[in-house]
Structure formats: structure tokens, C-alpha cells
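Trainee:
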Amino acid sequence: MIWALAWRLARRELRGGLAGFRILILCLALGVAAIAAVGMLRAAIEGGLTDQGATILGGDAQMNFTYRFANAEEKAWMASHAAKVSEIVDFRSLAVVGDDRALTQVKAVDDLWPLLGTVGLEAGTLVSAFAVKDGLPGGIMQKVLADRLGLKVGDAFKLGNQSFRLGAVLLKEPDSATAGLGLGPRTLVRTADLAQSGLIAPGTLYETDYRLLVPGADLDALKAAAVAAFADKGMQWSDRRHAAQGVERFVERLGSFLILVGLAGLAVGGVGVASAVRAFMEARVATIATLKVLGAEGALVLRVYLLQIAVICGVGVTLGLVIGAGGLVLGAPLIAAAMPFPVAVRLYPGPLGEAAFYGVVTGLLFAMWPLAQAVRQKVTALYRGNAGRVWPKAAHLAVMAGLFALFVGGAVWFSGNWLLAVGTLGGVFAALVVLALAGFGLQRLARFLARRGFVEGRPGLRWALAAIGGPRSEAMAVVLSLGLGLSVLAVVGQIDANFRASIARDLPAKAPSFFFIDLQDAELPPFLAMVNANPAVSKVESAPMLRGLLTQINGRNARDVVGDHWVVMGDRGITFSDAPPPGTKVTAGAWWPMDYTGPAQISFAAEEAAEMKLKLGDKLTVNILGRDIEATITSFRKVDFSSAGMGFVMVMNPSAVAGAPHTSIATVYAEGAAEAAILRDTSKAFPNITAISVKDAIDRVVEALGAIATATVLAAGAVLLTGVVVLIGGAAAGVPGRMREAAVLKVMGATRGRILVSFALRSALMGAAAGLVAIVAGGVGGWAVLRLVMDLPYRFEPWSAVGIVLGGMLATLAAGVVFALAPISARPAQVLRSAE
Amino acid sequence: MRLSLKGNAGPVEILRGISLTVQVGESLALIGPSGSGKSSLLMLMAGLERASGGSIAALGQDLTGMDEDALARFRRGNMGVVFQSFHLIPTMTALENVAVPLEIAGEAGAFSRAKAELEAVGLGARGGHYPSQLSGGEQQRVALARASVGRPKLLLADEPTGNLDTVNGAAIMDLLFGLRDRHGATLVMVTHAPDLAARCDRILRLADGLLA
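If you're matching them up, the sequences are chains D and B in order.
In this text, residue positions in the first sequence follow the numbering used here: the first is 29, and each later residue adds one.
In this text, residue positions in the second sequence follow the numbering used here: the first is 313, and each later residue adds one.
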């Protein structure tokens with residue numbers, strides 16, 4: 029009954045259309061659109077990975093081995109379970125043309141490759157590209173690599189000791205998404221053609237992937253069987269259900285992060301919603317009062333306006349969903365072309381529901397306070413235009429608390445990372461509290477200053493201070509909405525600037541010029557002699573290296589003990605040494621004696637050990653090339669992984685790994701100008717070792733981070749846009765008040781210029797207050813994200829902060845001046861007559 | 313009763329101790345200079361303002377202890393209020409404005425009764441017009457129809473002719489007294505106009521928050 033009547037009355041009020049709700053609708057629409065677009069993109073990528081999981085993986089399932097081929101037993105198992113098995117070898121090498129050389133990620137394949145999907149070549153077929161012509165086997169290169177080396181189809185290049193002919197240029201590799209971040213562009217050759225290259229020898233760094241076609245098989249059962257048989261031999265399993273786990277994880281994390289930026293945007297929009305609802309309620313206080321005079325209870329009045337707000341929120345949310353989802357669907361061809369993995373763009377109800385949930389809850393949450401205040405206020409106070417200054421009823425406060433809990437719970441549930449979600453929302457809440465205090469402080473200060481002597485003879489300044497400090501001041505709304513928008517931007521700015529600064533400034537100063545890998549024992553002495561003789565080389569370090577997988581801790585599965593810690597997530601470099609390597613700082617325990625031959629011992633990196641809760645005396649099982657070695661932790665060492673120099677999590681006593689094939693790794697620190705010559709001379713003298721330029725590797729990482737930066741900038745852009753809409757909304761809402769003020773001032777003889785200066789001054793002062801809070805919030809938020817979430821060093825980046833604050837001040841000033849033009853040009857008589 | 317309101321500059325004493333009884337069926341005019349507390353007294357009687365001290369009873373019910381919602385329920389069917397500035401709902405037509413109190417009270421036939429009441433004030437043909445499409449006098453007639461449509465026992469009018477010219481003001485007063493006579497309601501009216509006050513059974517003068 030009450031709802032029916034409320035709906036009837038609400039409908040009558042809504043007949044006038046939605047013209048007065050543009051800001052509210054836009055604020056909600058922008059926030060919802062950003063969240064919907066991010067969620068849909070994430071779903072589209074996951075959908076693409078699921079749809080084409082088998083093609084991306086290159087088979088129904090894959091068994092991966094590190095630095096070895098599958099042994100006879102493993103091969104027999106695969107043959108007995110799969111219809112087809114294809115073997116792939118993946119490693120880094122240098123492609124050499126004359127004196128020119130470039131790092132490449134080599135994929136050596138058999139005749140069955142690819143089991144699924146097709147290879148995209150610029151011209152010709154796979155068979156013709158690999159075919160032997162003029163005595164040289166064929167190889168296929170990505171265009172960027174062929175161009176870099178100046179190669180045309182038919183030209184020769186070398187990998188290690190083996191010469192190849194460029195058979196074709198690679199356009200599309202069907203199973204590239206599973207490879208992760210390669211340090212160089214791709215070269216494809218046949219494994220059989222590498223026999224004389226000297227590149228795949230015991231101890232060299234390569235991986236083998238065995239792709240299985242198992243039509244109709246129960247993948248769970250197959251996985252369980254394979255894991256039970258071979259996981260402790262270093263075998264890693266993946267199948268078409270989660271073909272590209274790295275991509276999935278990346279997309280999931282980036283998606284969560286972007287959705288949280290979207291939430292911050294929605295919070296900014298929420299302030300706009302609150303301002304718009306307040307303006308809406310202020311325009312209706314007389315109607316509310318009249319309804320109460322006519323006998324309407326608070327519950328009825330609340331429902332009348334709640335229904336109207338719900339309808340308006342519905343329009344805003346729907347518009348946001350259409351913009352977000354529509355934009356993505358329309359942009360699908362561009363998105364598909366830009367992504368290195370398949371994207372299935374279609375309408376996903378899940379992310380759209382998520383975005384709608386946030387929109388509706390935000391709209392209701394921010395609308396509830398001014399609504400609850402208005403229905404509680406006395407009729408006479410409402411007729412005096414005083415809707416605020418009264419606390420909502422306890423029941424309404426409880427509803428607001430419930431909505432807030434729903435919002436937080438939703439954010440935690442949807443983002444899947446409670447720490448990030450609660451941290452973000454906590455940060456937003458803290459920023460709102462600080463901004464509210466700043467707004468209050470600004471009003472008090474303005475009221476105080478407006479009565480001081482120095483403003484005498486400066487009427488423009490006095491009017492501005494009086495307007496900020498007086499009743500019906502816009503200061504609180506402007507400081508809150510603009511301040512929150514600027515704070516979010518400042519935090520993103522600080523993170524971005526710190527990322528760039530740490531990559532550009534910190535790493536190259538400390539990092540070596542090259543890593544040389546796959547140095548055989550016989551090659552090491554002449555190699556070291558060669559580089560040490562070069563005057564441009566300042567430091568050379570070398571260590572023997574094996575790769576191993578930490579499979580068990582004290583007899584239990586390592587992942588069960590320490591979860592997803594990076595040390596157990598894949599194979600790690602392991603070295604061995606009789607004495608602590610130079611510069612080693614043992615933090616606990618003791619190093620083994622020289623020529624120790626007893627049970628295997630291990631020295632573990634102290635920080636990682638603490639994270640994994642390892643103690644001295646714990647027994648670790650490490651699988652090296654299929655062989656399990658159990659060793660006891662007898663010491664912890666301090667290892668600095670941030671310098672990009674040589675760092676091993678695990679060091680073992682030499683006798684523990686005696687006989688295991690290994691190579692050495694060397695780092696060379698040299699002057700930048702000499703790097704090209706060092707690369708040329710060393711690779712000419714030692715053709716089968718691989719040099720990795722740290723600068724090039726960093727460039728590749730920066731390139732990959734570029735996508736994150738672009739996505740972050742886009743999301744921050746949505747926040748900024750919302751902030752601008754809120755700002756414009758606030759400025760527009762203040763026009764009638766300024767209109768009357770300007771008219772009265774003109775009656776008293778004020779010129780338009782003087783009135784404009786006064787209006788501009790109050791905008792600038794409010795913008796400055798919001799900006800100052802944003803600088804502090806940016807610093808604190810940036811520190812929290814970088815130090816607490818990303819575990820990276822933080823340094824306050826003043827230029828980013830100052831730029832954002834100046835931009836905010838200018839935006840407020842511009843909005844203030846633009847929306848002052850109508851009031852100062854209106855004729856006073858008209859304004860004053862309509863106000864009567 | 314007493315009324316004190318809080319302002320930015322501190323509390324302001326509006327009514328400083330008033331004792332008043334209005335008989336059923338009586339018509340009472342409250343007069344006095346601006347700021348003397350006339351409208352505040354009327355608002356207290358309507359349950360639209362809360363007394364800071366003392367008590368108010370209307371139609372045998374104590375209003376002092378009622379909360380906002382109880383007061384709103386009490387006004388339904390018991391009271392009709394007319395304001396100087398009409399206070400029509402701008403988003404509703406004249407007919408809808410008149411029907412609202414009946415709709416809120418959940419009474420049947422709201423629109424047919426509202427139509428009849430509009431006809432009684434001479435605006436039967438303007439039912440579909442919005443307040444912005446009506447003159448001041450017409451708006452006040454709609455407000456009168458709205459105040460009387462629920463057959464209230466108590467009619468309260470706060471300077472009902474204050475925003476109208478002499479001719480329109482006189483017409484509104486004729487209508488107001490006609491409605492009061494027709495429904496037998498008690499009428500309390502605030503006015504500055506001595507000739508209008510003179511039409512009431514009793515006149516009380518307020519000055520500085522006290523009955524003079």
C-alpha cells in the first residue's frame with residue numbers, strides 16, 4: 029500500500045524528465061562503465077583462453093621438463109596415454125650474422141608441431157621453410173628479429189655452431205601465449221637440425237615441452253597419474269583447461285587492480301552522487317515539507333524519493349553498462365589485434381552484474397544520507413530551506429551501514445584479494461575523512477580571515493572568503509569531490525613515477541652489462557681471461573650453475589608447506605661452492621668445511637627463508653635434472669636480488685651435486701660504450717654461449733610494463749573524467765546562488781570584473797585546499813601501495829604531485845570562471861524578480 | 313508555551329510564554345508586527361514546530377509528546393493548513409495537489425472528491441494545470457481546496473492573502489470563510505490586514521513573543 033502510493037507520487041515527480049539529474053546519471057554511468065569495461069575485458073581474455081585452451085597450449089596437455097629431455101620411462105608413459113606426442117625444446121641463444129648478433133628465444137620443434145592450430149608465415153609453408161636448401165637447414169624468425177639482423181628470406185644466420193637459412197618470416201605462432209615473457213624475439217628451427225650446434229648439451233639451460241593429444245581422456249585422472257609418477261622428477265603439468273596460467277594470473281591481478289581503481293572512481297562519482305542528491309533534495313525541501321503538512325509520514329516521504337533515486341540510478345547504471353560493454357564490443361577487432369592471445373569478446377553477464385552491483389549500491393549509499401536527513405527535518409526548518417544539520421534516524425543509519433558493508437563485501441568478493449580491496453576502500457575512506465576535515469578547516473579559516481583587517485579595501489577577496497566560510501558554502505562539496513579525484517590520481521601518479529624512476533635510475537647504475545650463460549667448464553678459464561683483459565670491464569663474477577626444483581620440505585610437498593611462494597613456483601638456479609662466495613654474509617648457522625664430503629648441506633637466502641618459515645636443520649629435497657637430492661639447511665645468507673647481479677637462493681656443498689652436469693654463469697660489468705665490442709668478441713670466440721644484455725632485458729620488461737601503465741593511465745583517466753564531471757556538476761549547481769549574489773552585488777555597484785575575480789578566487793582557494801590534501805594522500809597512498817603491497821622502495825616524486833595539484837587547481841578555476849560567466853552577464857532585475 | 317530557535321548567532325527567543333485556548337468552531341485572528349511570533353504560534357498549533365517549553369493540545373490530543381510521524385498522522389483529516397506562499401507541489405497538477413492529502417490518508421475516491429473541491433473554489437476547469445501555469449490567486453484557491461478537501465476540524469491559515477492583491481485577497485477570504493462555514497471548522501488565521509481580522513470572532517495581538 030505505502031509502496032504503491034509512494035510509487036504513484038514518485039512517478040508524478042519524475043514526469044518532468046531527467047534533465048535535472050544529468051550529473052548524477054553521468055557520475056554513476058562513468059564509474060559503472062569503467063568497471064564494466066575492465067570486467068568484460070578480463071572475461072573476454074579468460075573466455076578466449078578457455079575457448080582455445082588446447083590451441084594455445086598446442087595440445088590437450090603438456091608435460092614440461094627443465095634442462096633435460098624426458099627419459100625412456102616418461103616417454104613410454106606418454107606414448108601409452110596419448111594419441112600423439114610432440115616434443116619441443118625452448119632456450120635462449122644468440123642469432124649471429126657476420127659480426128652482428130641478437131638475443132633470440134629459440135623454439136626447436138619436431139615434425140608433428142604444431143599439433144593444433146596453424147603457423148602464420150609471411151610466405152610459404154612450414155615444410156618448405158624448414159627444408160634443407162644449399163646444404164643449410166631452414167629456420168623461421170619473427171619479423172622484428174630478421175629486420176634487426178638485416179636478413180631476407182634465403183639469407184644465412186648461425187645459432188651456436190650451426191648455420192641456418194632464413195626459410196620464412198613468422199607472423200603468428202599458435203602456442204605463443206604459453207611461453208610467458210621471452211627475453212628475445214622468436215626463432216623456430218627443427219630439433220634435429222640443432223644436433224651440431226653445441227647448444228643443447230648436458231647442463232645447458234633449456235626446457236622441453238611434450239604436447240599430448242588425448243581425445244576424450246579424463247584430464248583430471250590423467251593429470252593425477254602423471255603428477256603421481258613424475259612430479260618429484262621435476263615434471264610440471266598443464267592442460268587445456270588452464271593453458272596459459274601466467275597470462276591468467278597476470279590478467280587476474282591486473283583486472284583486480286584496475287577494478288579497484290574503478291572503485292576509487294566510483295567513490296569519486298559517489299561524492300558527485302551525494303552532491304547531486306543533496307541538490308535534488310534541496311530543490312524539493314518545500315515539496316517534502318508540504319507532503320508532511322498534508323499528513324505524510326517520514327516512511328512515505330523516504331520511499332517517494334528513494335524510488336525516484338532508484339529510477340535515476342537505474343538509468344545511470346544502465347547507461348554505464350551500455351557504454352562499458354558497448355565500447356568493448358565495438359572495439360573488439362582492435363582489442364583482438366592488440367592482444368597476443370585469443371580474446372572472446374561477447375556479453376558476459378558476470379562482470380556486467382558486478383558493475384551494476386557497484387553502481388546501484390554506490391548510488392543508494394551516497395543518496396541515503398541526504399535523503400534520511402531531509403525526511404527527519406522539521407517542516408518549518410524545511411520551509412526555511414534547511415534540509416541538513418540533523419542526524420538520520422538510527423534505522424536509516426543501520427541501512428547505510430548495511431549498504432557500506434555490502435559494498436566492502438562485494439569489493440572483497442569480486443576482487444578476490446581482501447587485503448587490496450580493504451586497503452583501497454580504507455584509503456578512500458581515510459582520504460574522505462581527511463578531506464572533510466580539510467573542508468571544515470577551510471570554512472573556519474575563511475570565516476576567520478574574512479573578519480580580519482587585511483581584507484579591508486579588498487572586497488573581491490572578502491566576498492570570496494565570506495562565500496567559502498558562510499552558510500550554504502560549496503567548499504565542503506568541492507573539496508570532497510575534487511580532493512578525492514585528485515588523491516586517486518596522485519596515488520596513481522606516485523606509483524607510476526616511482527616505477528619509471530626505479531627502472532630508469534636505480535637498476536642500470538648497479539646492474540651488470542651482460543649475463544653469459546651456458547659456459548662449459550672448459551670454456552670458463554679462457555672466457556674469464558678474455559673479459560678480464562678488457563680495460564673497459566670493471567668487474568666479472570662467475571659461478572657454476574645447475575637448475576633445480578625445490579619439491580619437498582621436511583618430506584612434505586613444498587607447495588603444501590609454503591603455498592605459492594615464488595621460490596617453489598618453478599625451477600631455481602643453484603650453485604655450489606666450497607667456501608662462501610666473496611661478499612657473502614652468513615646471518616645464521618655455519619658454512620661447511622673445505623672439501624666437505626658428508627651428507628648434503630644447503631645455505632639458503634635469509635629473507636626468503638624467513639618468508640617460508642624455514643629453520644636451520646630443515647631438510648629440503650631438490651630435484652636436479654630428474655635426480656632428488658636431500659640436503660639439510662646449515663646456514664642462512666643475505667642475498668640482494670634487487671641489484672640484478674648474481675644471486676642464488678640455494679648454495680650447496682660441491683660433493684652433494686658431484687657428477688651432475690652443469691654450466692657456469694658469468695656477469696660482466698663494463699662501460700656502456702664497450703658493450704657492443706664485448707658482445708662481438710666473446711660470441712665470436714665462444715659461439716655456443718649466450719649473452720643476455722641486461723639493458724635489452726630491462727627494455728623488454730619496460731615494454732611489457734607499458735601495457736600495465738597504459739591500462740592504469742586509462743583507468744585513472746576514467747577517475748579524472750568522473751572528478752571533472754563532479755566538479756562541473758558542483759559548479760553548475762552553484763549557478764543560481766551565484767546569479768543572485770552577482771545581481772545583489774551589481775545593485776550595490778560592483779563591476780563585473782570585480783565579481784568575476786571574487787568568484788575565481790573562491791574556486792582557486794577551494795582547489796588549492798583539495799590539492800594540498802591530494803599531495804599528502806598521494807604520498808601516503810603511493811608509499812602504502814609500493815612498500816606494503818608491491819614491496820618496492822618508495823621515494824616521493826614531487827613533480828608528479830605538483831603537476832596533479834596544479835592541474836586540479838586550474839580545472840577548478842576554469843569550471844568556476846566558466847560557470848561564473850552566466851551569473852555576471854545576467855541582468856539584475858530579471859534575476860531578482862524571479863527570485864521573489 | 314515557549315519557543316526558542318537555535319541560530320548561527322545563538323538561540324533566539326521567539327515565543328516567551330503564551331497561554332491560549334481556542335474554542336471549537338471559533339474563528340481567531342492573530343495579528344501583530346513582523347517578528348512578533350504569530351506564524352511560529354500557528355506552526356506550533358499545526359504540529360509543524362516543536363515547543364521548547366509548555367504543552368499544546370489540539371482536539372483533545374496532546375501534541376507535545378508526539379514524534380514527527382505521529383504529528384503527520386494526526387494532521388490527516390484533522391487539520392488543513394494554508395500558507396502565504398501557497399506551497400503547492402510544482403510537479404503535480406492542481407487536481408493532483410488537491411487529491412494528495414486524501415491519497416496519503418488512504419481514502420477512497422480521492423480524485424472525484426478533489427475535483428468537487430476544485431469546483432467549489434471555482435477552478436474546476438483548471439484541474440490539469442500545473443502551479444506554474446496558474447496565477448497567484450488561483451494557486452491560493454488550489455491551496456484552499458487542498459486544505460479543506462479532507463473536511464478538517466481545524467483550519468490554520470498563515471497570512472493567506474499576503475502575496476495577493478486586494479481583489480484576489482478579498483475573494484480568497486470569502487472562500488476561506490465560506491469553507492469554514494460549510495464544514496463547521498475552527499479557524500485560526502495570521503494576518504496583517506485589520507479588515508480581515510475583523511471578520512473573525514476574536515482577535516489576539518502578539519508583540520515580542522507575548523500576547524499583548
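Ideal Cβ placement from N, Cα and C applies to all residues, glycine included.
Looking at the unbroken beta strand (DSSP E) that takes in Arg96 (chain D), where does it start and where does it end?
Mentor: As a position in the first sequence, residue 96 (chain D) is number 68, starting the count at 1. Here Arg96 (chain D) belongs to no beta strand (DSSP E), and DSSP marks it neither H nor E.
Trainee: Under 8 Å Cβ-Cβ, which residues of chain B neighbour Val321 (chain D)?
Mentor: Within the first sequence, the letter at position 293 stands for residue 321 (chain D). Neighbours of Val321 (chain D) on chain B, chain order: Ala358, Leu360, Arg387, Val393 and His399.
Trainee: Hey, quick one: how far does the alpha helix (DSSP H) through Leu393 (chain D) stretch, first residue to last?
Mentor: Locating residue 393 (chain D) in the first sequence gives position 365, where the first residue counts as 1. Where Leu393 (chain D) is concerned, the enclosing alpha helix (DSSP H) stretches over Pro377 to Arg404.
Trainee: Please classify Ile30 (chain D): is it buried, with 16 or more other beta-carbons within 10 angstroms of its beta-carbon, or exposed?
Mentor: Taking the first sequence and counting its residues from 1, the one referred to as residue 30 (chain D) is at position 2. Burial call: exposed.
Trainee: What is the DSSP secondary structure of Asn390 (chain B), reduced to helix, strand or coil?
Mentor: Position 78 of the second sequence, counting from 1, holds the residue named residue 390 (chain B). Correct three-state label for Asn390 (chain B): coil.
Trainee: Under 7 Å between the Cβ atoms of Pro540 (chain D) and Val722 (chain D)?
Mentor: Here residue 540 (chain D) refers to the residue found at position 512 of the first sequence. Here residue 722 (chain D) refers to the residue found at position 694 of the first sequence. In contact: Pro540 (chain D) and Val722 (chain D) (Cβ atoms closer than 7 Å).
Trainee: Quick test of your reading: Tyr238 (chain D) and Val113 (chain D), contact by CB under 8 Å. State the CB separation rounded to the nearest angstrom.
Mentor: Here the question's residue 238 (chain D) lines up with position 210 in the first sequence. Here the question's residue 113 (chain D) lines up with position 85 in the first sequence. Contact flag correct, Cβ pair sits at about 6 Å.
Trainee: Kindly indicate which residue of D:Pro487, D:Gly836 and D:Val461 has the alpha-carbon position closest to the one of Gly942 (chain D).
Mentor: This structure cannot speak to residue 942 (chain D), because chain D is shown only from 29 to 864.
Trainee: I'd like to know if the region 452 to 470 of chain B and the region 488 to 499 of chain B are in contact, where contact means that at least 3 CB-CB pairs between them fall below 8 Å.
Mentor: Because the criterion of three Cβ pairs below 8 Å is met, the region 452 to 470 of chain B and the region 488 to 499 of chain B touch.
Trainee: Below 8 Å on C-beta distance, what does Thr315 (chain D) contact in chain B?
Mentor: Taking the first sequence and counting its residues from 1, one reaches residue 315 (chain D) at position 287. Here the neighbours are Ile401, Pro402 and Thr403.
Trainee: Does the distance from the CB of Leu393 (chain B) to the CB of Ala358 (chain B) come in under 7 Å?
Mentor: Mapped onto the second sequence, residue 393 (chain B) falls at position 81. Mapped onto the second sequence, residue 358 (chain B) falls at position 46. Checking the sequence, you will find Val at residue 393 (chain B) rather than Leu. Yes.
Trainee: Which chain D residues sit within Cβ distance under 8 Å of Gly418 (chain B)?
Mentor: For the purposes of this step, residue 418 (chain B) is taken as residue 106 along the second sequence, with counting starting at 1. What Gly418 (chain B) touches in chain D: Met29 and Leu33.
Trainee: Taking Cβ-Cβ distances shorter than 8 Å, what residues in chain B pair up with Leu328 (chain D)?
Mentor: Within the first sequence, residue 328 (chain D) is the residue found at index 300, counting from 1. Near Leu328 (chain D) (Cβ distances below 8 Å), the residues of chain B are Ile416.
Trainee: Between which residues of its own chain and Val137 (chain D) is the CB-CB distance below 7 Å, once the five residues before and five after are set aside?
Mentor: Your numbering for residue 137 (chain D) matches position 109 in the first sequence. The answer, listed in chain order, is Ile116, Leu216, Arg218 and Thr219.
Trainee: With DSSP as the reference, label Asp623 (chain D) as helix, strand or coil.
Mentor: Mapped onto the first sequence, residue 623 (chain D) falls at position 595. Of the three classes helix, strand and coil, the one that applies to Asp623 (chain D) here is coil, per DSSP.
Trainee: Under a three-way DSSP split, which group does Asp606 (chain D) fall into?
Mentor: Locating residue 606 (chain D) in the first sequence gives position 578, where the first residue counts as 1. Of the three classes helix, strand and coil, the one that applies to Asp606 (chain D) here is coil, per DSSP.
Trainee: Please classify Pro856 (chain D): does DSSP put it in a helix, a strand, or coil?
Mentor: Against the first sequence, residue 856 (chain D) aligns to sequence position 828. DSSP places Pro856 (chain D) in helix when its eight states are reduced to three.
Trainee: Tell me the DSSP secondary structure of Gly576 (chain D) in three-state form.
Mentor: In the first sequence, the residue the question calls residue 576 (chain D) occupies position 548. Three-state result, Gly576 (chain D): strand.
Trainee: Using a Cβ cut-off of 8 Å, pull out every chain D residue sitting near Asp381 (chain B), in sequence order please.
Mentor: As a first step, residue 381 (chain B) is located in the second sequence; it is residue number 69 there, counting from the start. Glu325, Gly326 and Ala327, listed in chain order.
Trainee: In terms of DSSP beta bridges, what is Lys712 (chain D) paired with?
Mentor: If you number the first sequence from 1, residue 712 (chain D) lands on position 684. For Lys712 (chain D), which the question treats as bridged, DSSP gives no partner whatsoever.
Trainee: Can you tell me whether Thr408 (chain D) is helix, strand or coil according to DSSP?
Mentor: To locate residue 408 (chain D), count along the first sequence from 1; it is residue 380. In the structure shown, Thr408 (chain D) sits in a helix (DSSP, three-state: H, G or I).
Trainee: Are Ser266 (chain D) and Gln522 (chain D) close, meaning C-beta to C-beta below 7 Å?
Mentor: Stepping through the first sequence from its first residue, residue 266 (chain D) is reached at position 238. Stepping through the first sequence from its first residue, residue 522 (chain D) is reached at position 494. No, they are not a contact pair.
Trainee: Check this for me: beta carbons of Glu415 (chain B) and Ala422 (chain B), under 7 Å apart or not?
Mentor: Working through the second sequence from its first residue, we reach residue 415 (chain B) at position 103. Working through the second sequence from its first residue, we reach residue 422 (chain B) at position 110. Contact flag set, yes.
Trainee: Can you tell me where the alpha helix (DSSP H) holding Ser562 (chain D) begins and where it ends?
Mentor: Here residue 562 (chain D) refers to the residue found at position 534 when the first sequence is read from its first residue. Checking the sequence, you will find Asn at residue 562 (chain D) rather than Ser. First-last for Asn562 (chain D): undefined, no H or E at that position.
Trainee: May I have the straight-line CA-CA distance separating Leu194 (chain D) from Asp118 (chain D), to the nearest angstrom?
Mentor: Working through the first sequence from its first residue, we reach residue 194 (chain D) at position 166. Working through the first sequence from its first residue, we reach residue 118 (chain D) at position 90. Roughly 19 Å separates the two Cα atoms.
Trainee: Are the C-beta atoms of Val412 (chain B) and some chain D residue less than 7 Å apart?
Mentor: Numbered from its first residue, the second sequence carries residue 412 (chain B) at position 100. Closer than 7 Å to some Cβ of chain D, the Cβ of Val412 (chain B) qualifies, so yes.
Trainee: With a threshold of 16 other CB atoms inside 10 Å of the CB of Met837 (chain D), please say whether the residue is buried or exposed.
Mentor: On the first sequence, residue 837 (chain D) is found 809 positions in, with the first residue counted as 1. Buried, because 16 or more other Cβ atoms sit within 10 Å of the Cβ of Met837 (chain D).
Trainee: Just how far apart, CA to CA, sit Thr315 (chain D) and Ile337 (chain D)?
Mentor: As a working mapping, residue 315 (chain D) is identified with position 287 in the first sequence. As a working mapping, residue 337 (chain D) is identified with position 309 in the first sequence. If I take the Cα positions, the gap works out to 16 Å.
Trainee: Of all the CB atoms in chain B, is at least one closer than 7 Å to the CB of Glu41 (chain D)?
Mentor: Looking up residue 41 (chain D) in the first sequence gives position 13. Yes, Glu41 (chain D) lies at the interface with chain B (some Cβ there is under 7 Å from its Cβ).
Trainee: Going by CA-CA distance only, name the one from D:Glu636, D:Leu198, D:Gly188 and D:Gly765 that's closest to Leu179 (chain D).
Mentor: By 1-based counting over the first sequence, the position of residue 179 (chain D) is 151. The shortest C-alpha separation from Leu179 (chain D) is found at D:Leu198.
Trainee: Show which residues of chain B have a CB atom less than 7 Å away from the CB atom of Gly497 (chain D).
Mentor: The sequence position of residue 497 (chain D) within the first sequence is 469, counting from 1. Ordered by position in chain B, no residue passes the 7 Å Cβ test against Gly497 (chain D), which lies about 11 Å from the chain.
Trainee: What distance in whole Å lies between the Cβ atoms of Leu400 (chain B) and Leu466 (chain B), which are believed to be in contact at a cut-off of 8 Å?
Mentor: Taking the second sequence and counting its residues from 1, the one referred to as residue 466 (chain B) is at position 154. Taking the second sequence and counting its residues from 1, the one referred to as residue 400 (chain B) is at position 88. Wrong, their Cβ atoms sit about 21 Å apart, outside the cutoff.
Trainee: Rounded to whole angstroms, how far is the Cβ of Ser316 (chain B) from the Cβ of Ile330 (chain B), which I believe are closer than 8 Å?
Mentor: One-based indexing of the second sequence puts residue 316 (chain B) at position 4. One-based indexing of the second sequence puts residue 330 (chain B) at position 18. At roughly 13 Å, the Cβ-Cβ gap does not stay under 8 Å, so Ser316 (chain B) and Ile330 (chain B) are not in contact.
Trainee: Whole beta strand (DSSP E) runs in the region 442 to 505 of chain D with 3 or more residues, listed along the chain?
Mentor: Runs of the beta strand (DSSP E) inside the region 442 to 505 of chain D: none found.
Trainee: With a CB to CB cut of under 7 Å and the five nearest residues on each side skipped, what residues in its chain are close to Ala633 (chain D)?
Mentor: As a position in the first sequence, residue 633 (chain D) is number 605, starting the count at 1. Excluding residues within five positions, the ones whose Cβ falls inside 7 Å are Arg665, Val667 and Val677.
Trainee: Would DSSP call Trp141 (chain D) helix, strand or coil?
Mentor: By one-based count along the first sequence, residue 141 (chain D) stands at place 113. Coil, per DSSP.
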